[in-house]
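**Q**
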Amino acid sequence: MKVSIHWTYKHPKGRQVKLISDPLPASEALFLAEDFERTGRTKEIMFYDLTDQGWTKKELQQYLKGIETEPHDIVAFFDGGYDLATKKAGLGIVIYYVQNNKRYRIRKNSVVEEINSNNEAEYAALWLVIQELENLGVHHIGVTFKGDSQVVLNQLSGEWPVYEAEFNRWIDRIEGKIKSLGIKPIYEPVSRKLNKEADQLALQALKGIEINSRIELQIEE
1 MKVSIHWTYK HPKGRQVKLI SDPLPASEAL FLAEDFERTG RTKEIMFYDL TDQGWTKKEL
61 QQYLKGIETE PHDIVAFFDG GYDLATKKAG LGIVIYYVQN NKRYRIRKNS VVEEINSNNE
121 AEYAALWLVI QELENLGVHH IGVTFKGDSQ VVLNQLSGEW PVYEAEFNRW IDRIEGKIKS
181 LGIKPIYEPV SRKLNKEADQ LALQALKGIE INSRIELQIE E
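Taking full-length UniProt numbering, the leading residue of the sequence shown gets 1, the next gets one more, and so forth.
1. Could you tell me the distance, in whole angstroms, from the CA atom of R214 to the CA atom of F145?
2. Just the Cα atoms here: how many angstroms apart are E221 and K102?
3. So, does the stretch 162-177 touch the stretch 201-210, judging by three or more C-beta pairs under 8 Å?
4. What distance in whole Å lies between the Cβ atoms of E197 and V94, which are believed to be in contact at a cut-off of 8 Å?
5. Can I45 and I5 be called in contact, C-beta distance under 9 Å?
6. Closer than 7 Å by C-beta to Y82: which residues in its own chain qualify, once you throw out the five before and the five after it? Chain order, please.
7. Is it buried or exposed for R107, if we count other Cβ within 10 angstroms and need 16 for buried?
8. To which residues of the same chain is G182 closer than 6 Å at the C-beta, ignoring the five residues directly before and after it?
9. Applying the criterion that 16 or more other CB atoms from any shown protein chain within 10 Å of the CB defines a buried residue, is Q16 buried or exposed?
10. Between the C-alpha atoms of Y123 and I171, what's the straight-line distance to the nearest angstrom?
11. Roughly how many angstroms lie between the CA atoms of Y187 and N154, to the nearest whole one?
12. Got a sec? Which residues, its chain only, sit under 6 Å from L156 by beta carbon, not counting five neighbours each side?
13. So, with DSSP's three-state summary, where would you put E70?
14. Given a cut-off of 9 Å, decide if V152 and L126 are closer than it, judged by their beta-carbon atoms.
15. Give the DSSP bridge partners of R103, in chain order.
16. For Y48, which three-state DSSP category applies?
17. Whole angstroms is fine: what's the gap from D35's alpha carbon to L60's?
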């Protein structure tokens, strides 16, 4: 989870300035806030997540302690490739997360049939991500979903209208599962270049190359 720090800086001559940081990983924000406090010139520290929910320092500490053994800091990439001749779709997903102070990456792909368009393939890929999150035991936490499909992400976020019946069926399924898991979704469109890993997995799926792996990654200092 990312949060921004909201605090008041007290100048030695009495002037006070309200400041807001950029969004930071919650653990890093706590570290910085504690460093600010050691200066003796900081008061009224609050943290706000990307849904504008406010957290006190104690609440954020308790939250981080509570989720330490569960998957968190989750970023999920997805992509769908479509073969018009066979009406098959290759789905590729990549999930990054932290658990027990270790960072992991899941890479998975799949082939599905009776898909009618590339956009529907993108919806199917996102559904595969959500199924994998459920398998991981993810619940009641924020998840950032990243893909290069403007249609899917903007329709899910409510920015764009949905006219196609098949898309509405996917949206109902996706939103229903997200709600039941208590996930707070953040939809972030990215360039095809930044989504290259998921795209490659989707292409491999269409070629009959199956990928299903989880590895531990080194956590950057």
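Beta carbons are placed, not taken as given, at the ideal position from N, Cα and C, and that holds for glycine.
**A** Per the coordinate set shown:
1. 18 Å
2. Below a pLDDT of 50, predicted positions are generally treated as unreliable, and E221, at 45, falls in that range; the measurement from the model is reported next regardless. Cα to Cα, the separation comes out at about 12 Å.
3. no
4. 5 Å
5. yes
6. A89, I115, S117, N118, A121
7. buried
8. H139, H140
9. exposed
10. 8 Å
11. 8 Å
12. Y187
13. coil
14. yes
15. V98, L217
16. strand
17. 16 Å
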